[in-house]
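Going by my numbering, the first residue of the sequence shown is number 738, and it counts up by one from there. All residues carry an ideal CB built from backbone N, CA and C; glycine is no exception. Values in this document were obtained by computation on a predicted structure and should not be read as measured data. Before any comments, here is the structure.
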Amino acid sequence: MSCGEAASSLRADLTETERDEMAASRTGLCAICRKASPAHVDHCHETGRVRGVLCFNCNSAIGKLGDAPDTTRRATAYLEGNAWKPTLVAPGVCRLPS
Numbered sequence: 738m739s740c741g742e743a744a745s746s747l748r749a750d751l752t753e754t755e756r757d758e759m760a761a762s763r764t765g766l767c768a769i770c771r772k773a774s775p776a777h778v779d780h781c782h783e784t785g786r787v788r789g790v791l792c793f794n795c796n797s798a799i800g801k802l803g804d805a806p807d808t809t810r811r812a813t814a815y816l817e818g819n820a821w822k823p824t825l826v827a828p829g830v831c832r833l834p835s
């Protein structure tokens with residue numbers, strides 16, 4: 738199932754009322770930034786499972802990071818000042834951080 742197909746089926750399966758109830762369960766704020774109104778249904782691009790509702794910026798951001806938790810963790814470490822650094826284990830051989 739392509740991302741577009743998953744998004745279409747989600748929009749058909751999740752009513753506006755259900756979306757609003759999900760948002761209300763999170764105090765009416767985006768689950769990530771906790772600032773903006775969550776109007777966008779977030780879903781897993783592999784399974785189509787609805788994860789929740791996010792604001793446009795946060796939904797777009799995790800999509801641009803490939804919906805990948807490891808990439809998101811590296812982005813967080815970078816923002817917190819712990820830049821990604823490989824460890825030199827032998828001349829010309831680096832181990833990537835896990």
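Should residue 768 go down as buried or exposed, given a rule of 16 or more other Cβ atoms within 10 Å for buried? Here residue 768 corresponds to residue number 31 of the sequence shown, with the count starting at 1. With 16 or more other Cβ atoms within 10 Å, it is buried.
Suppose contacts are defined by Cβ-Cβ distances below 8 Å. Is residue 792 in contact with residue 773 by that definition? The residue given as residue 792 occupies position 55 in the sequence shown. The residue given as residue 773 occupies position 36 in the sequence shown. In this structure, residue 773 lies closer than 8 Å to residue 792 by Cβ.
Give the secondary structure of residue 798 by DSSP, where H, G and I count as helix, E and B as strand, and everything else as coil. Mapped onto the sequence shown, residue 798 falls at position 61. In this structure, residue 798 counts as helix in the three-state DSSP scheme.
Would you say residue 801 reaches chain B, if we count a Cβ-Cβ gap shorter than 8 Å as a contact? Among the chains of the structure shown, chain B does not appear; only one protein chain is present.
Euclidean distance between Cα positions of residue 801 and residue 794: Sequence index remark: in the sequence shown, residue 801 carries index 64 (1-based). Sequence index remark: in the sequence shown, residue 794 carries index 57 (1-based). Approximately 10 Å, taken between the alpha carbons.
Would you please state the rounded distance, in angstroms, between the beta carbons of residue 790 and residue 779? I believe it to be under 8 Å. Counting from one through the sequence shown, the residue named residue 790 turns up at place 53. Counting from one through the sequence shown, the residue named residue 779 turns up at place 42. Their Cβ separation, rounded to whole angstroms, is 7 Å, which keeps residue 790 and residue 779 in contact under 8 Å.
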